[in-house]
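Just so you know, we're using the working numbering here: the sequence shown kicks off at 26 and counts up by one. Backbone N, C-alpha and C fix where the C-beta goes; we use that ideal spot for every residue, glycine too. Please read all numbers here as calculations on a predicted model, not as lab measurements.
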Amino acid sequence: MKNLNILKTVLIAVFFSVNCNFTLAQSACTATSGSSSGQECLMDVKSFKLKVYEFSLCTDFATVADRSMCSTLYSNANGYDLTLSKTASLPLGGNTSLSEGTYTHAYIVVNNNTYLKSYHEFSTDREDLAGNTGKFCYSNGTDRTEDASFNLTNIVVTCGDSDLSAENKETIKFDDGSGNYSNSDIVDPLSGGATSVGYTKLYTLKTISPAVAGAAWASDTGVLASQKIANVKISPNTTSLNIAFSVTDGIALNFLGGGANMDGGSESCGAAGGNYCVVDVGWLGMNFIVTAN
Numbered sequence: 026m027k028n029l030n031i032l033k034t035v036l037i038a039v040f041f042s043v044n045c046n047f048t049l050a051q052s053a054c055t056a057t058s059g060s061s062s063g064q065e066c067l068m069d070v071k072s073f074k075l076k077v078y079e080f081s082l083c084t085d086f087a088t089v090a091d092r093s094m095c096s097t098l099y100s101n102a103n104g105y106d107l108t109l110s111k112t113a114s115l116p117l118g119g120n121t122s123l124s125e126g127t128y129t130h131a132y133i134v135v136n137n138n139t140y141l142k143s144y145h146e147f148s149t150d151r152e153d154l155a156g157n158t159g160k161f162c163y164s165n166g167t168d169r170t171e172d173a174s175f176n177l178t179n180i181v182v183t184c185g186d187s188d189l190s191a192e193n194k195e196t197i198k199f200d201d202g203s204g205n206y207s208n209s210d211i212v213d214p215l216s217g218g219a220t221s222v223g224y225t226k227l228y229t230l231k232t233i234s235p236a237v238a239g240a241a242w243a244s245d246t247g248v249l250a251s252q253k254i255a256n257v258k259i260s261p262n263t264t265s266l267n268i269a270f271s272v273t274d275g276i277a278l279n280f281l282g283g284g285a286n287m288d289g290g291s292e293s294c295g296a297a298g299g300n301y302c303v304v305d306v307g308w309l310g311m312n313f314i315v316t317a318n
């Protein structure tokens, strides 16, 4: 066994994807995003909070039933409220023991409720679904609600003359592609298969401890995300381990053309023809970054 000092750092960037309708986001948000098209855009997180229960390094993908291939670096039965920002840290402790060898995967266990706070400043006034206008459009502190097809059914973005952003609550959940419940999902950001870095297997949990597989959206409480990472080699000369969660461009803004209705059917954009409303802001995910020195 090798005793290692754990350096506690959390950086801003992307981890496991959640069910949100941000499939077109390709470029970073600018002061003019959404002015001439409804193309979603990417931006950094102001703050993103989730409760963390476990983080481990592994030699293969972990599952709900089998985590024997993993070495635990952090465990807290009550969970730790981690707010991802440029200065955030997860209190992993000063020392831990790891067997020498190569670690190829990592997993994290989190509560399935997340809290996102962010805003974007445009060069001209924009409109939200409630008809408010202003250069600042921001998360408004609403608990996100969706229909059976995961379409947004309430107003989660407000526009105004200043940043009054507050945390939006969103519950992570998966479906089978047909709107039915699923207790697992796969994210393959590079389309490279299970051996590519970032490939993530996701499992919902009915209970965190003991870990019991999810059974229904209404009763699920957590998520286990097992991810392929860049290989981490622990050798006799290894003295420290650096762990970061990357979430740069980790959220997306969604726009809706004037006169159009939201897919959920409950709201419509009142902007004049040719203009777009700012209608949604959602988390896209994060990557684990682990290096040994």
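Buried versus exposed, by CB contacts within 10 Å (16 or more), residue i
{"i": "Asp-91", "result": "exposed"}
{"i": "Ser-386", "result": "In this structure the chain extends from 26 to 318, so residue 386 is not present and cannot be described."}
{"i": "Glu-195", "result": "buried"}
{"i": "Asp-210", "result": "buried"}
{"i": "Gly-239", "result": "buried"}
{"i": "Ile-125", "result": "Note on residue identity: the sequence assigns Glu, not Ile, to residue 125. By the neighbour-count rule (16 or more Cβ atoms within 10 Å), Glu-125 is not buried but exposed."}
{"i": "Leu-215", "result": "exposed"}
{"i": "Asn-205", "result": "exposed"}
{"i": "Ala-87", "result": "buried"}
{"i": "Ala-53", "result": "exposed"}
{"i": "Lys-74", "result": "buried"}
{"i": "Glu-65", "result": "buried"}
{"i": "Lys-258", "result": "exposed"}
Residue i, DSSP secondary structure in three states
{"i": "Asp-168", "result": "strand"}
{"i": "Leu-107", "result": "strand"}
{"i": "Phe-313", "result": "strand"}
{"i": "Thr-48", "result": "The predicted model places Thr-48 with a pLDDT of 46, which falls under 50 and marks its position as unreliable; any figure quoted below should be read in that light. Residue state, collapsed to three classes: coil."}
{"i": "Ile-197", "result": "coil"}
{"i": "Asp-210", "result": "strand"}
{"i": "Met-68", "result": "strand"}
{"i": "Asp-150", "result": "strand"}
{"i": "Asn-80", "result": "Going by the sequence as given, residue 80 is Phe instead of Asn. Phe-80: strand per DSSP, three-state reduction."}
{"i": "Ser-244", "result": "coil"}
{"i": "Thr-323", "result": "Residue 323 is absent from the structure shown; the chain starts at 26 and stops at 318."}
{"i": "Asn-138", "result": "strand"}
{"i": "Thr-362", "result": "The displayed coordinates of the chain run from 26 to 318. Any statement about residue 362 would go beyond what the structure contains."}
{"i": "Leu-189", "result": "coil"}
{"i": "Ser-100", "result": "strand"}
{"i": "Gly-126", "result": "strand"}
{"i": "Thr-232", "result": "strand"}
{"i": "Ala-155", "result": "coil"}
{"i": "Ala-173", "result": "coil"}
{"i": "Cys-95", "result": "strand"}
{"i": "Ala-53", "result": "strand"}
According to DSSP, residues forming a beta bridge with residue i
{"i": "Asp-305", "result": "Asn-279"}
{"i": "Lys-160", "result": "DSSP, once it has assigned bridges, lists no residue as partnering Lys-160."}
{"i": "Asn-286", "result": "Ser-293"}
{"i": "Lys-9", "result": "Residue 9 is absent from the model: the chain starts at 26 and stops at 318."}
{"i": "Ala-219", "result": "Answer is none; Ala-219 lacks a bridge partner."}
Short CB-CB distance (under 9 Å) between residue i and chain B
{"i": "Ile-180", "result": "Judged by its chain identifiers, the structure shown contains no chain B, having just a single protein chain."}
Kindly provide the ranges of any beta strand (DSSP E) runs that are 3 or more residues long and lie completely inside the region 250-282, ordered along the chain.
-> 265-271 and 276-282
Give a yes or no on contact between the region 77-97 and the region 128-145, applying the rule of three or more CB pairs nearer than 8 Å.
-> yes
Cβ contact check for the region 230-248 and the region 276-284: 3 or more pairs under 8 Å | no
If you pair each beta-carbon of the region 149-160 with each one of the region 247-265, do three or more pairs fall below 8 Å?
-> no
Would you call the region 166-186 and the region 302-317 in contact, with 3 or more CB pairs under 8 Å?
-> yes
Would you say the region 140-147 touches the region 184-203, given that touching needs at least three Cβ pairs under 8 Å?
-> yes
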